[in-house]
Amino acid sequence: MEVVDEVDRMWAAEVLVVAGARAVVETDRGLKTHFAEPAAGPEGFLGSLESSLVESGLAASIVSWRWQRHEDWATLWRQGLGPRRVGHRIVVHPSWTESPSGRDDIDLTIDPGIAFGTAEHATTRLALTLLEPRVEPGQWVADVGTGTGILAIAAAHLGAGRVLAYDTDPYAWSVTRENALRNGVPTVVQVVEGPMEEGAPEVEGLVVNIEWVRLAPLIPSLSTRVRSTGWMVLSGVLNEQRETALVLVRDLGWVVVDEAVEEEWWAVALSRAAA
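For the sequence shown, the working numbering begins at 1109 and goes up steadily by one.
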């Protein structure tokens, strides 16, 4: 499927997953995925899929398809997915590859269900990079929009005493639990089935990797769940949205302590008080 805009790709990936897609991966021009053979035939299924894309504001997406044996796809979607070093100590890799991590590295084994839940996407790498120096031993941390749980699991390995992994997608609940178990932190990472609402437990740190159009309305309420000495990491913001984001967080009393940029994406680490 051809989807040029980076933010639209995130929305399109969600539409594909809801429709039953497996292993959505990002290409130079868009997204590629695999569906089981639809009972209604490909034409009827594609018509329904295109209607869902239009309803989500993605009418410009170009959908193409071809038959593919499942065994062939299972091999193809793994190609190009290997270990990635992020930040200073974090190494992310799928379970079918050897990890090049050293003795002092943090090794994360994440099998991708959708590309945006692994270190294959710039916004995830930015969030990990800014998260790494923030987490202190024993802290309570929240990961809002956890996806595959990669940020929550990283926080646990960085020393967090408890990580609350929030998501509204049932797919994310099961994947995060599986990945937490695979990485040895099932008792630290607690999946919360729903949004982080008013009255949720306060935390010392909060990380969010969600595209800006969905993130911006959440920031005021999320800020109330971070303690006065806490920190927050925001990712999923395009470079041209940086100034708008800074105005919003500064009006809420946050101070910028670090920023990171990769490709067209920007992320920020914030504190209640200047470092």
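No residue lacks a Cβ here, since even glycine has one placed at the ideal position from N, Cα and C.
Item                                                                                                                                                          : Value
Between Thr1295 and Asp1275, how many whole angstroms is the CB-CB distance? I'm expecting something under 8 Å.                                               : Not confirmed; about 19 Å, so no contact.
Just verifying my parser: in three-state terms, what is the DSSP assignment at Glu1312?                                                                       : strand
Would you tell me roughly how many angstroms separate the C-alpha atoms of Glu1158 and Ala1120, rounded to the nearest one?                                   : 11 Å
For Glu1367, report the span of its alpha helix (DSSP H) as first-last.                                                                                       : Counting along the chain, Glu1367 falls outside any alpha helix (DSSP H), though it belongs to the beta strand (DSSP E) covering 1363-1370.
Rounded to whole angstroms, what's the CA-CA distance from Asn1347 to Ala1263? Just pull it up for me.                                                        : 25 Å
Helix, strand or coil, according to DSSP, for Thr1141 in the structure here?                                                                                  : strand
Give the range of the alpha helix (DSSP H) segment to which Trp1248 is assigned.                                                                              : Premise fails: Trp1248 lies in the beta strand (DSSP E), 1248-1252, not in any alpha helix (DSSP H).
What are the start and end residues of the alpha helix (DSSP H) that includes Ala1280?                                                                        : 1278-1290
Once DSSP output is grouped into helix, strand and coil, what is the label at Met1118?                                                                        : helix
Pop quiz: Ala1268 and Gln1247 are said to be a contact at Cβ under 8 Å. What is the actual Cβ separation, rounded to whole angstroms?                         : 5 Å
Quick check on the burial criterion: 16 or more other C-beta atoms within 10 angstroms. Buried or exposed for Ser1343?                                        : buried
Could you give the DSSP three-state label for Arg1243: helix, strand or coil?                                                                                 : In the sequence on display, residue 1243 carries Val and not Arg. Coil, per DSSP.
Determine, using beta-carbon pairs with one atom in the stretch 1327-1345 and one in the stretch 1235-1242, whether at least three such pairs fall under 8 Å. : yes
Give me the Cα-Cα distance between Val1249 and Glu1151, rounded to the nearest whole angstrom.                                                                : 46 Å
Could you tell me whether the Cβ atoms of Trp1339 and Gly1313 are closer together than 9 Å?                                                                   : yes
For Asp1251, count the other beta carbons within 10 Å of its own beta carbon; 16 or more makes it buried, fewer makes it exposed. Which is it?                : buried
Confirm, please, whether the CB-CB distance from Val1311 to Gly1257 is below 9 Å.                                                                             : no
Classify Leu1289 as buried or exposed, calling it buried when 16 or more other Cβ atoms lie within 10 Å of its own Cβ.                                        : exposed
Around the Cβ of Trp1204, are there at least 16 other Cβ atoms within 10 angstroms (buried) or fewer (exposed)?                                               : exposed
Note down, in chain order, each residue of its chain lying with its Cβ closer than 7 Å to the Cβ of Pro1325, except the 5 sequence neighbours on either side. : none
Identify every residue that forms a DSSP beta bridge with Asp1275.                                                                                            : Glu1301, Gly1302
Could you tell me the alpha carbon to alpha carbon distance between Glu1240 and Gly1155, rounded to whole angstroms?                                          : 44 Å
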